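Working notes, beginning with the structure itself.
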Amino acid sequence: MIKEKANINWNELKFSYLKTDYRYISFWKDGKWDEGKLTEDNYIRINEGSTVIHYGQGAFEGLKAFTQKNGSIGIFRPDMNAKRLQNTAKRILMAEVPEDKFIKACKDVVAANYKYIPPYGYDASFYIRPYEIGVGENLGVRPAPEYLFSVFGVPVGPYFKGGFNPVNMVVADYDRAAPKGTGHVKVGGNYASSLLPHQIAAEQGFADCIYLDPKENRYIEEVGAANFYGITKNGEFVTPKSGSILPSITRLSIMELCEKVLKIPVFEKPIDINSLDQFSEVGACGTAAVISPIGSITYKDKVFKFYKDGKEVGPITKKLYELLLSIQRGESDIFKEWIYIVD
Ligand SMILES: Cc1ncc(COP(=O)(O)O)c(C=O)c1O
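Residue 343 is where the sequence shown ends in our numbering, and the numbering goes up by one at each step.
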């Protein structure tokens, strides 16, 4: 491996696409996956009848690699993303990608794109985007005859403009997912339907929107691409319990950090939108969003403000952010098993 870095201003990175040198691609046909390979071609050629194009039979994942304090490169919890992609595949009848194939593909892409992995010490990381789509000759609404699994990666900076600072959000007037639909899995269609509410929120000057449950329009579900949490005035960590939100790996991780490291009680329960006054801090958490403090939430004609009038990051949010990043960057001795080192 040639150990040199690309000529990139790592401090200026945004969360946007950049062509890196190699991506992994593999096909499923006649009941089995092929070996898969790395390719330099960042375009895919698929049959015009592919189910992903017409019926949305496609799914994706998102995870990150970080340069560790000791100079090696580690991927954060790829086993969890592999399992989530399998769950998604089950829900929309796609062939499942074996966990070891998924992890090896991620490691191969990271190793092959070494020069694009942000060095240690920057507020940047290497975002890995695995995806699986139904391809092959087809016309009717049925599962595809063939599948494509691919992984690419891009160096990224903060998801929300301004980095680790409170952002303002608004409650969307649209539903994200139906109660027994596909909200709990990572299918592309969930995100297509979120584009309009997101655009409306952005036009009104908000960083993103928050969805309520589609049945009663009363309980918080999640943010467009992140889960929601709050810290009550009594110091408890509370996050929505719902069958139609994506089970965030970041959220799972910070729940463990609250319980085992900060010794903060953790509750998964419905959060009534009219009960936001109980929280001193609220935030969004996800691979891209990391932990993003939310300064205010606008709901109809009310504006709920959080820590220091929504202007500062609360102490628990800050602590969780620092803990999570220290683990991801290999600076910590706890939860080392969450990091998969790329050889
Ligand atoms: C809708 C939604 N919720 C939550 C998350 C956060 O999940 P994770 O922490 O696994 O990235 C994501 C991002 O993957 C998402 O798209």
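Glycine residues also receive a C-beta, built at the ideal position from the N, C-alpha and C atoms. Computed from a prediction, not measured in an experiment: that's the story for all the values here.
- Identify which residue in Leu246, Ser244, Thr239, Gly243 has its Cα closest to the Cα of Cys258. Walking along the sequence shown from the start, residue 258 turns up at place 258. Ranking Leu246, Ser244, Thr239, Gly243 by Cα distance to Cys258 puts Thr239 first.
- Is Leu212 near ligand 1, judged by its Cβ being under 7 Å from some heavy atom? Working through the sequence shown from its first residue, we reach residue 212 at position 212. Leu212: no, Cβ never under 7 Å from ligand 1.
- Message: Would you say the beta carbon of Arg91 is closer than 7 Å to some non-hydrogen atom of ligand 1?
- Response: Position 91 of the sequence shown, counting from 1, holds the residue named residue 91. The answer is no for Arg91.
- Message: Rounding to the nearest angstrom, what Cα-Cα distance links Pro214 and Ala178 in this structure?
- Response: As a first step, residue 214 must be located in the sequence shown, where it is residue number 214. As a first step, residue 178 must be located in the sequence shown, where it is residue number 178. Distance between the alpha carbons of Pro214 and Ala178 is about 6 Å.
- Would you call the segment 168-182 and the segment 203-214 in contact, with 3 or more CB pairs under 8 Å? yes
- Nearest-angstrom Cα distance between Gly58 and Gly188? Position 58 of the sequence shown, counted from the first residue, corresponds to residue 58. Position 188 of the sequence shown, counted from the first residue, corresponds to residue 188. Cα to Cα, Gly58 sits roughly 6 Å from Gly188.
- Item | Bridge partner(s) assigned by DSSP for Val154 | Counting from 1 along the sequence shown, the entry for residue 154 is found at position 154. Answer is Tyr127.
- Please check if any C-beta of chain B sits within less than 8 Å of the C-beta of Ile327. Note that chain B does not occur in the displayed structure, where there is just one protein chain.
- Assigned exposure category for Lys423 - 16 Cβ within 10 Å defines buried: Outside the displayed span of the chain (1 to 343) sits residue 423, for which this structure offers no information.
- Drop a sphere of 10 angstroms on the beta-carbon of Ser292, count the other beta-carbons inside from all chains shown, and report buried for 16 or more, exposed for fewer. One-based indexing of the sequence shown puts residue 292 at position 292. So Ser292 ends up on the buried side.
- Contacts around Gly243, its chain only, beta-carbon distance under 8 Å, and the 5 residues preceding and following it disregarded: Taking the sequence shown and counting its residues from 1, one reaches residue 243 at position 243. Only Pro179, Lys180, Gly183, His184 meet the Cβ criterion.
- Query: Looking at the unbroken beta strand (DSSP E) that takes in Phe237, where does it start and where does it end?
  - Reply: Mapped onto the sequence shown, residue 237 falls at position 237. Segment 237-239, the beta strand (DSSP E) holding Phe237.
- Residue from Gly140, Ser253, Arg45, Phe27 whose Cα sits closest to the Cα of Glu146: Within the sequence shown, the letter at position 146 stands for residue 146. Nearest of Gly140, Ser253, Arg45, Phe27 to Glu146, Cα basis: Phe27.
- Query: Of all the options Ile73, Asn165, Ile117, Asn227, which has the alpha carbon lying nearest to the alpha carbon of Leu18?
  - Reply: Numbered from its first residue, the sequence shown carries residue 18 at position 18. It is Ile117.
- Item | As assigned by DSSP and simplified to three states, the class of Leu93 | On the sequence shown, position 93 is the one that residue 93 refers to. Of the three classes helix, strand and coil, the one that applies to Leu93 here is coil, per DSSP.
- Rounded to a whole number of angstroms, what is the C-alpha to C-alpha distance between Ile297 and Gly224? Translated into positions along the sequence shown, residue 297 becomes position 297. Translated into positions along the sequence shown, residue 224 becomes position 224. Their Cα atoms are separated by approximately 14 Å.
- Item | C-alpha gap between Leu347 and Phe237, whole angstroms | What is shown of the chain runs 1 to 343, which leaves residue 347 out entirely.
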